[in-house]
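Undergrad:
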Ligand SMILES: Nc1ncnc2c1ncn2[C@@H]1O[C@H](COP(=O)(O)OP(=O)(O)OP(=O)(O)O)[C@@H](O)[C@H]1O
Ligand SMILES: [Mg+2]
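In this note's numbering, the protein residues as written are 23 to 458.
Below you can see the structure in the form of structure tokens.
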């Protein structure tokens, strides 16, 4: 996929592009800075051809929202919102800056391929990974589906962050809807490592990162948490041995179907190449061909990793503190849902912002927009007149939007050109709804 934006461009009128962080199977990740904000953030865009069909587009957004819904967790890369700019879908993520050696992902830490990671570090990252996926499971993620070292980012403080929740499932939905038209589309390669690829085997369209696909997913496509355990077992093997590629690979000569079949056979019939202690038995159990013989959830795997970590270091593993989501989180999520036309859900989130900070003008503004879209005039009136006095002068612009939208008669007479323009760009439907 080619880059659509270059340094200096502005996305959606507010994100200045500072550079490109990389390209994956499904899009480009840009480093950007939101106007008026100090910290940079990462914006991930998606292949346009996937999103041409309206139904697929909606399904894609829904899957991407699963990631946003995970909120803030110390071991999950936070996705802030999903939004459409200029007809393109974007996910905003926290930016992970490279360390002093230019490494951002676990793949970068393994890139040299000749030195095992320090066992205590492997255990610590293994435990962090489990905590992250336990949190995701508890928040409705059935399965990540694309566990591999490129989707595990490592911050400068050496904290692990899992990325790309929901995207493999979303890509698969999109691929199925257009699969009859194409052949497999493989990203990356055996040397540099494969990316999430669109696969077509025996007429079935599915997605996965070659080399990390569990046998049951190759066989019939259905994946669950035990499939994630398998893929993570391969990653643990890489960390323990220092290999930059997973075990069970066969030579790749451009025939992806043959390659996947070969890997599958190896997974079923070959012994896992030796894993040094202390992780030997744990990794072997993760990559059992039969899912029922693996760990059945990440809590169970974490228990074993934590026991070894404690025995080696004397340090007990603490359950990370996961605070209540902040007003910022609810505000961003509410804004995302509003942009996606899910007005009721947006109002639920915006009410949470207002419970924390009743003076948040943007939340009032967005709530006004959502209520206007639903045609709930009387509620809109009740919702925004009360706290009007509380909102400081400098923040009244956002709230003005809500006030004017509350009463179509007022809006018709007095809507300023700037607000009219804002609505025209961001919520063209509302212009019709409120007959502004
Ligand atoms: N939030 C982020 N902060 C910093 N770098 C990032 C961030 N997200 C992604 N990257 C980098 O951008 C590149 C592309 O990421 P992307 O997720 O699109 O592809 P990938 O993970 O390499 O492959 P896949 O398509 O299988 O996910 C990667 O090198 C990744 O390290
Ligand atoms: Mg990725």
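For every residue, glycine included, the Cβ atom is placed at its ideal position computed from N, Cα and C.
Taking 6 Å as the limit, tell me which residues put their C-beta closer than that to any heavy atom of ligand 2, in chain order.
TA: In chain order, the hits are 46, 172, 173, 185 and 186.
Undergrad: Taking 8 Å as the cut-off, decide whether the C-beta atoms of residue 285 and residue 272 are in contact.
TA: To locate residue 285, count along the chain shown from 1; it is residue 263. To locate residue 272, count along the chain shown from 1; it is residue 250. For residue 285 and residue 272, yes; Cβs fall inside 8 Å.
Undergrad: Alpha carbons only, please: which of 340, 39 and 251 is nearest the one belonging to residue 167?
TA: Translated into the one-based positions of the chain shown, residue 167 becomes position 145. For the residues 340, 39 and 251, the minimum Cα distance to residue 167 belongs to 251.
Undergrad: Can you check the segment 185-236 for any alpha helix (DSSP H) of at least 4 residues that lies completely inside it and give the ranges in chain order?
TA: If we require 4 residues or more, the alpha helix (DSSP H) runs fully inside the segment 185-236 come out as 189-200.
Undergrad: Should residue 292 go down as buried or exposed, given a rule of 16 or more other Cβ atoms within 10 Å for buried?
TA: Counting from 1 along the chain shown, the entry for residue 292 is found at position 270. Looking at its Cβ environment, which holds fewer than 16 other Cβ atoms inside 10 Å, residue 292 is exposed.
Undergrad: Could you tell me if the beta carbon of residue 286 falls within a distance shorter than 7 Å of some heavy atom in ligand 1?
TA: Position 264 of the chain shown, counted from the start, is the residue given in the question as residue 286. Checking every heavy atom of ligand 1 against the Cβ of residue 286, none is found closer than 7 Å.
Undergrad: Hey, how far is the Cα of residue 175 from the Cα of residue 103?
TA: Your numbering for residue 175 matches position 153 in the chain shown. Your numbering for residue 103 matches position 81 in the chain shown. Approximately 19 Å between the Cα atoms of the pair.
Undergrad: Report the three-state DSSP secondary structure of residue 116 (helix, strand or coil).
TA: Against the chain shown, residue 116 aligns to sequence position 94. It is a strand residue.
Undergrad: Can you have a look at residue 233 and say buried or exposed, based on whether 16 or more other CB atoms are within 10 angstroms of its CB?
TA: Along the chain shown, read from residue 1 onward, the residue named residue 233 stands at position 211. Per the 10 Å Cβ criterion, buried.
Undergrad: Identify, in the order they occur along the chain, each residue of the same chain with its Cβ nearer than 6 Å to the Cβ of residue 392, setting aside the five sequence neighbours on each side.
TA: Indexing the chain shown from 1 puts residue 392 at position 370. Counting only Cβ-Cβ distances below 6 Å, and skipping sequence neighbours, we find 360, 365, 368 and 369.
Undergrad: Hey, how far is the Cα of residue 130 from the Cα of residue 376?
TA: Counted from its first residue, the chain shown places residue 130 at position 108. Counted from its first residue, the chain shown places residue 376 at position 354. Cα to Cα, the separation comes out at about 42 Å.
Undergrad: Quick one: does the C-beta of residue 118 sit closer than 7 Å to a heavy atom of ligand 1?
TA: Here residue 118 is taken as the residue at index 96 of the chain shown, counted from 1. Residue 118 Cβ: within cutoff of ligand 1.
Undergrad: Is it the case that the segment 122-137 contacts the segment 153-161, given that we only count it when at least three CB pairs across the two stretches are under 8 Å?
TA: Flag = no, the segment 153-161 and the segment 122-137 do not touch.
Undergrad: Could you name the residues of the same chain whose beta carbon sits closer than 7 Å to that of residue 330, not counting the 5 residues immediately before and after it, in chain order?
TA: Your numbering for residue 330 matches position 308 in the chain shown. Here the set comprises 145 and 300.
Undergrad: Look at the alpha carbon of residue 418 and the alpha carbon of residue 381, and state the distance between them as a whole number of angstroms.
TA: Numbered from its first residue, the chain shown carries residue 418 at position 396. Numbered from its first residue, the chain shown carries residue 381 at position 359. Residue placement at residue 418 is poorly supported in this model, since its pLDDT is 41, which falls under 50; the coordinates are not used for a value here.
Undergrad: Is the closest heavy atom of ligand 1 to the C-beta of residue 222 under 7 Å?
TA: Here residue 222 is taken as the residue at index 200 of the chain shown, counted from 1. Residue 222: no, Cβ never under 7 Å from ligand 1.
Undergrad: How would you call residue 268, buried or exposed, if buried means at least 16 neighbouring beta carbons within 10 angstroms?
TA: Indexing the chain shown from 1 puts residue 268 at position 246. So residue 268 counts as buried.
Undergrad: Taking all protein chains shown into account, do 16 or more other C-beta atoms lie within 10 angstroms of the C-beta of residue 111, making it buried, or fewer, making it exposed?
TA: For the purposes of this step, residue 111 is taken as residue 89 along the chain shown, with counting starting at 1. That one is buried.
Undergrad: With contact counted as at least three CB pairs below 8 Å, one residue from each stretch, are the segment 342-355 and the segment 314-324 in contact?
TA: No, the segment 342-355 does not touch the segment 314-324.
Undergrad: In whole angstroms, give me the CA-to-CA distance for residue 432 and residue 115.
TA: In the chain shown, residue 432 corresponds to position 410, counting from 1. In the chain shown, residue 115 corresponds to position 93, counting from 1. Only weak support is given to the placement of residue 432: the predicted model assigns it a pLDDT of 43, under 50, and the question is left unresolved by the model.
Undergrad: Label residue 32 either buried or exposed according to how many other C-beta atoms from any shown protein chain fall within 10 Å of its C-beta, with 16 as the threshold for buried.
TA: As a working mapping, residue 32 is identified with position 10 in the chain shown. So residue 32 ends up on the exposed side.
Undergrad: Going by C-alpha distance, which of 322, 237 and 264 is nearest residue 283?
TA: Counting from 1 along the chain shown, the entry for residue 283 is found at position 261. The candidate whose alpha carbon is nearest that of residue 283 is 237.
Undergrad: Measure from the alpha carbon of residue 191 to the alpha carbon of each residue in 258, 133 and 78, then state which is nearest.
TA: Here residue 191 refers to the residue found at position 169 when the chain shown is read from its first residue. That would be 78, whose Cα lies nearest to the Cα of residue 191.
Undergrad: Quick one: what's got a C-beta closer than 8 Å to residue 142's C-beta in the same chain, skipping five residues either side?
TA: On the chain shown, residue 142 is found 120 positions in, with the first residue counted as 1. Excluding sequence neighbours, residue 142 sits near 331, 334 and 335.
Undergrad: Whole-angstrom Cβ separation of residue 468 and residue 150, contact assumed at under 8 Å?
TA: Since the displayed the chain opens at 23 and closes at 458, residue 468 lies outside it and no answer follows.
Undergrad: Taking its Cβ as the centre, do 16 or more other Cβ atoms sit within 10 Å of residue 253, making it buried, or is it exposed?
TA: Here residue 253 is taken as the residue at index 231 of the chain shown, counted from 1. So residue 253 ends up on the buried side.
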